[in-house]
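Some notes on the structure that comes next.
In full-length UniProt numbering, the protein residues as written are 1 to 265.
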């Protein structure tokens, strides 16, 4: 009984580890929710080593695990999700030099627990294929344009036209990410999310979708996504982050830049 209780506490500690570490970064001192959310999700991305995996690696993992042949609404078990995640990290270590190997087991544990917390809040032990694809495509590294092309391919019909129902479904899944890092009040899903992206529901093809998502500013509900990518560029030495001054106080800018500088060290 004592041993069982100890194992339960260990499991709970593992589930909370990423969130405890995130809180310790003190991101909540950033008042503007856009920057705060981007910082939190960038932290999750790096802590789970997803910044080292691009969308092409993800697509390969989806194919290797048979997700590309499954309907988006198909549910997979957490144990199968763990298999998918494991393959992502084991393949990553094969690509990395021996001096830069990651801790595969720790990365699997962190990402699996984060995904379950974000996408299986009811504790059913299952996630849809679309949830898995949407989350990993949004949170992986690489170029935002490549990620958006893949996301569009999951939402378009055989004529290359975006299906608005699929966009709505994607937004439901993508906006669970800010909610998972306690930014739901600012970026949680609403039934009006699609209209904030495309106010006039006309025929949307790939280029129009990319133009809208890559615009400055982007759709309000996803404004944190390009900023998360800009953070990555800054950390990689490309110090050209544009800070929108609207509603953003001088001291907040200083704090935000201090966090970026800290992350570059």
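We put the beta carbon where it would ideally sit given N, CA and C, even for glycine.
Residue i in three-state terms, based on DSSP
i: residue 162; result: strand
i: residue 7; result: Model confidence at residue 7 stands at a pLDDT of 47, short of 50, so the residue's coordinates are unreliable; what they give is reported in the following sentence. Of the three classes helix, strand and coil, the one that applies to residue 7 here is helix, per DSSP.
i: residue 14; result: helix
Limits of the unbroken alpha helix (DSSP H) element including residue i
i: residue 150; result: 144 to 153
i: residue 194; result: 193 to 197
i: residue 186; result: 184 to 187
i: residue 223; result: First-last for residue 223: undefined, no H or E at that position.
i: residue 207; result: 206 to 213
i: residue 177; result: 176 to 180
Backbone CA spacing between residue i and residue j [nearest angstrom]
i: residue 129; j: residue 194; result: 21 Å
i: residue 185; j: residue 35; result: 14 Å
i: residue 51; j: residue 228; result: 11 Å
i: residue 226; j: residue 218; result: 8 Å
i: residue 22; j: residue 116; result: 17 Å
i: residue 152; j: residue 80; result: 25 Å
i: residue 113; j: residue 56; result: 23 Å
i: residue 189; j: residue 159; result: 28 Å
i: residue 131; j: residue 14; result: 22 Å
i: residue 243; j: residue 173; result: Note that residue 243 has pLDDT 48, beneath the 50 cutoff, so the model's placement of it is unreliable and the number below is only indicative. Each residue's alpha carbon lies about 27 Å from the other.
i: residue 91; j: residue 156; result: 29 Å
i: residue 122; j: residue 37; result: 23 Å
i: residue 166; j: residue 19; result: 30 Å
i: residue 95; j: residue 89; result: 10 Å
i: residue 232; j: residue 42; result: 8 Å
i: residue 47; j: residue 107; result: 8 Å
i: residue 105; j: residue 78; result: 16 Å
i: residue 222; j: residue 187; result: 8 Å
i: residue 209; j: residue 142; result: 19 Å
i: residue 146; j: residue 86; result: 23 Å
i: residue 216; j: residue 148; result: 15 Å
Any non-hydrogen atom of the ligand MN within 6 Å of residue i CB
i: residue 92; result: Looking at this structure, you won't find the ligand MN or any other ligand, since it has none at all.
Ranges of the alpha helix (DSSP H) found wholly within the UniProt domain "EF-hand" (17 to 140), counting only runs of at least 4:
33 to 47, 55 to 64, 78 to 95, 104 to 119 and 129 to 139
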